[in-house]
Amino acid sequence: MAISTESLISAPVEVKTQVNGSQNATVHKIANGDHEGSEPMWANSSAPYDVLTVALPLPAPASSTGYWWRTTGPLMSKLLEKAEYSLYKHYKYLLLYHTHILPLLGPRPIEDPAQALSSIPPWKSFLTDDFSPLEPSWNVSGNSDSRSIIRLGIEPVSFDAGTAIDPFNQISVARFFESQNAAEVGVKGGLFEHFRNDLFVGPESYMAIREMLPEGEHMTQSFLAFDLDSGHITTKAYFFPILKALSTQQSTIKVLSDSIMGLAKKSNVWGPQAIVALAILEAWIASYNGGAKAEMLSVDCVDDAESRIKIYVRIPHTALRKVKEAYCLGGRLTDDNTAQSLDLLDTAWRTMFRVTDDAAELPHNSHRTAGTIFNFEIRPGKWFPEPKVYLPVRHYCDNDLQIASRLQELFGRLGWQKMERNYRRDFADLFPHHPLSTSTGTHTYLAFSYKKQKGVYMTMYYSPRVYSTQAGITDCI
């Protein structure tokens with residue numbers, strides 16, 4: 001039976017701590033209630049990760065969840081600390097990670113080459129460039145000061161992923177939405193079910209898809225993401241249209257558009273405004289004559305009226321002028337907020353990539369995830385899509401410490417003084433075993449958008465580099 005995160009925190013939980021390797025006779029209890037003042041008496045002397053490691057049994061199967069906890073648990077705990085979550089919230093979200101997320105990460109990597117020959121090959125998640133199924137991120141937003149939220153993206157991986165039983169890894173995410181775990185984190189699955197029904201592929205098309213899949217193309221069908229906000233958790237579901245597009249011989253934007261139109265026709269929420277916003281986006285994509293590709297769609301797993309539909313589009317260009325043209329949908333967005341956004345985007349792009357000629361492309365990179373990706377947000381009642389751009393720092397900077405230093409510089413220009421002082425040091429502390437000064441790959445993207453009321457919105461996305469920093473495991477592609 002699933003364990004409720006809230007019940008773990010609210011109910012008394014006996015925790016025997018260890019001193020010098022032996023059991024301490026003193027038994028402490030996690031305090032009742034979900035208010036900030038109730039803290040265990042051992043809270044200030046023991047890191048939450050260490051306390052939970054002692055206190056909680058691992059979810060099944062322990063051989064895999066134990067690996068993911070040891071490998072990624074300290075990172076998640078440090079992120080919550082760096083973002084200055086209260087101790088209560090730190091425990092709450094680390095408990096959620098331990099209880100609900102670890103089992104979704106799938107089998108542990110195969111580290112013994114001899115064992116690899118007789119085992120199912122690891123699933124190659126499209127979430128990160130080294131196939132790690134986990135992408136934590138640190139969101140910062142505000143005007144004169146900054147507010148932090150930690151987020152977590154995962155690709156749920158089944159133990160049969162890549163086999164004849166589950167060739168495109170569609171089982172695990174579907175099981176999550178059908179489970180009590182989803183209800184316990186407040187998930188509402190109406191939009192998930194709509195897009196799952198339209199975008200997942202059935203057994204009748206498996207063979208044809210495999211034959212048509214271009215060499216080097218990914219097979220990921222879905223991600224999940226969890227926003228660990230100060231008051232609540234928001235879950236988002238992501239869908240990739242590539243396999244459905246292959247099986248129906250349509251473009252990826254046509255597949256997504258048809259599904260959104262089908263939703264609008266049967267919904268009281270997604271009405272004429274959503275259809276108009278979608279048409280504006282489609283017209284912009286068509287102007288690239290096939291050069292712009294719809295990669296992904298996401299929805300908030302909440303009531304429809306509070307949700308958003310985001311369409312992610314990658315363009316092959318990295319010249320600042322073309323990036324700014326794309327951000328405003330080729331001049332289709334002309335409001336004051338967009339104008340201010342473009343000025344701030346100019347600052348961010350020049351700071352991170354050191355460009356002086358806004359017409360010049362960044363150095364050529366042929367990687368599958370090179371270029372520039374945007375998302376365009378469609379909201380109920382809104383006539384125009386709202387843009388966000390993802391600066392591809394992983395592909396166009398020299399190393400991760402350089403990225404961290406340039407981020408500090410950018411934070412200073414935005415007036416975020418604490419981030420300006422601490423970010424590079426905090427980043428190095430988050431990833432002590434990564435070759436930060438000699439490679440890229442830990443920072444993946446830097447998301448940017450702006451709204452007058454809320455200020456600049458930036459998110460640093462990270463890869464734990466499970467497959468590229470562990471001894472004996474394949475390096476990044």
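In the UniProt record's numbering, the protein residues as written are 1 to 477. Note that CB positions come from ideal geometry on N, CA and C, so glycine has one too. Just so you know, these numbers come straight off a predicted model, no measurement behind them.
Shown here, residue 379 sits in coil according to DSSP, grouped into three states, outside any helix or strand. Under the rule that a run must span 3 or more residues, the beta strand (DSSP E) segments found entirely inside the segment 360–405 read 372–378, 386–391.
Within its own chain, the residues whose Cβ lies closer than 6 Å to the Cβ of residue 304, once the five positions on either side in sequence are excluded, are 269, listed in chain order.
8 Å or more divides the Cβ of residue 152 from the Cβ of residue 80.
Nearest neighbour of residue 200 by Cα position, chosen from 50, 182, 296, 131, turns out to be 296. Looking at the DSSP output, residue 462 shares a beta bridge with 443.
When the Cα atoms are used, residue 366 and residue 218 turn out to be separated by approximately 15 Å. Take the alpha-carbon of residue 454 and the one of residue 139: they are about 13 Å apart.
Checking the DSSP bridge columns, you'll see residue 225 partnered with 153, 236. Secondary structure of residue 208 (DSSP, three-state): helix. Taking residue 105 as reference, the option from 92, 71, 87 with the minimal CA-CA separation is 71. In this structure, the CA atom of residue 319 is about 31 Å from the CA atom of residue 236. Residue 48 places its beta carbon 8 Å or farther from that of residue 86. DSSP, read as helix, strand or coil, puts residue 219 in coil.
Membership of residue 82 in any beta strand (DSSP E) is not indicated; the residue belongs instead to the alpha helix (DSSP H) covering 62–82. Here residue 88 carries a helix assignment [DSSP, helix/strand/coil]. For residue 300, the enclosing beta strand (DSSP E) starts and ends at 293–300. Within the same chain, and ignoring the five residues on either side of residue 263 in sequence, the residues whose Cβ sits closer than 7 Å to its Cβ are 194, 270. For residue 178 and residue 317, the gap between their C-alpha atoms comes out near 40 Å. In this structure residue 324 does not touch residue 344 by the C-beta definition: roughly 11 Å separates them, more than the 8 Å allowed. The residue from 411, 186, 111, 191 with its alpha-carbon nearest to that of residue 64 is 111. In the DSSP assignment, residue 161 forms a beta bridge with 166. Here residue 468 is buried. Its C-beta has 16 or more other C-beta atoms within 10 Å.
At a cut-off of 3 residues, the continuous stretches assigned as beta strand (DSSP E) that sit fully inside the segment 260–342 are 293–300, 309–315.
Put simply, the segment 157–175 touches the segment 207–224. At least three CB pairs are less than 8 Å apart.
When Cβ pairs closer than 8 Å are counted between the two stretches, the segment 405–416 is seen not to touch the segment 362–380, the count staying below three. Take residue 407, set aside five residues on each side of it, and the residues of its chain with a beta-carbon closer than 6 Å to its own are 423, in chain order.
Per the DSSP secondary-structure output, residue 451 pairs in a beta bridge with 455. Counting of Cβ neighbours within 10 angstroms places residue 294 among the buried residues, the total reaching 16 or more. Rounded to whole angstroms, the separation of the alpha carbons of residue 333 and residue 259 is 25 Å. Taking the C-beta atoms as reference points, residue 69 is found no nearer than 8 Å to residue 108. A Cβ-Cβ separation of about 7 Å places residue 136 in contact with residue 150 under the 8 Å criterion. Taking residue 428 as the centre and dropping the five residues before and after it, the same chain places the C-beta of 401, 404, 436 closer than 8 Å to its C-beta, in chain order. Of the residues 357, 285, 307, the one whose Cα lies closest to the Cα of residue 328 is 285. Sequence-distant Cβ neighbours of residue 100 in its own chain, meaning closer than 6 Å and more than five residues away, are 181. The Cβ neighbour count for residue 197, taken over all protein chains shown within 10 Å, is under 16; the residue is labelled exposed.
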